[in-house]
Amino acid sequence: MIRRFGEARVAGQHYTRRHGAYAIILRGDSALLTHQAWPDDEWQLPGGGIDAGESAPQALRREVLEETGWRVQPLRRLGAFRRLCYMPDYDLWAEKLCTLYLARALRPVGPPSEPGHRAEWVPLPLAVARLGNAGDRAFLAAFLR
Numbered sequence: 597m598i599r600r601f602g603e604a605r606v607a608g609q610h611y612t613r614r615h616g617a618y619a620i621i622l623r624g625d626s627a628l629l630t631h632q633a634w635p636d637d638e639w640q641l642p643g644g645g646i647d648a649g650e651s652a653p654q655a656l657r658r659e660v661l662e663e664t665g666w667r668v669q670p671l672r673r674l675g676a677f678r679r680l681c682y683m684p685d686y687d688l689w690a691e692k693l694c695t696l697y698l699a700r701a702l703r704p705v706g707p708p709s710e711p712g713h714r715a716e717w718v719p720l721p722l723a724v725a726r727l728g729n730a731g732d733r734a735f736l737a738a739f740l741r
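Under this note's numbering, residue 741 is the last one in the sequence shown; the count climbs by one each step, no gaps.
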């Protein structure tokens, strides 16, 4: 069973399952986070939805590049969690199945191409506290233990 974080299921609400790949990327005593200004002002582990025909590692590389401007190499799968949320940018109630990977930062190639995103290397204790969703926080905190 995959642990669920965040909001409780709303009775009668239809949720669309969305698979995504997200990364814990470390450099020294910092983690690479992405800040999304819209639709919610939130710090996140970089990553996102897996497109049709794409593997999770392919999606991870694409999403991290779009959100941070960094090329990464997925190293290993760390686990997965679920969360229920409304995604206003898609007008969609989603059950997100989030697969977490440890990834290595290879090199920056430019600014994030995803509108409203910026990337920052954040000191580890602050990174855990900044993350906007409980699943991201739990995985980063567990990884650091």
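Heads up, the beta-carbon is just placed ideally off N, CA and C, and yes, glycines get one too. In this text the structure is predicted, and so the values were computed from the model without any measurement.
Check	Outcome
Going by Cα to Cα distance, which pick from I620, P708, R600 and G608 is closest to L720?	I620
Under the assumption that A742 contacts F601 (Cβ atoms under 8 Å), give the Cβ distance between them as a whole number of angstroms.	In the structure as shown, the chain begins at 597 and stops at 741. Residue 742 is therefore absent and cannot be evaluated.
Which partner residues of M683 appear in the DSSP bridge assignment?	L688
Indicate the three-state DSSP secondary structure (helix, strand or coil) for E638 in the structure shown.	strand
Check whether the Cβ atoms of I598 and A617 sit closer than 8 Å, and answer yes or no.	no
Got a sec, what are the start and stop residues for the beta strand (DSSP E) E663 sits in?	Unbroken run through E663 is the alpha helix (DSSP H), A652 to T664; no beta strand (DSSP E).
Grab me the residues of L688's own chain with a C-beta within less than 7 Å of its C-beta, minus the 5 sequence neighbours each way, in chain order.	T612
The beta strand (DSSP E) with L622 in it runs from where to where?	T612 to R623
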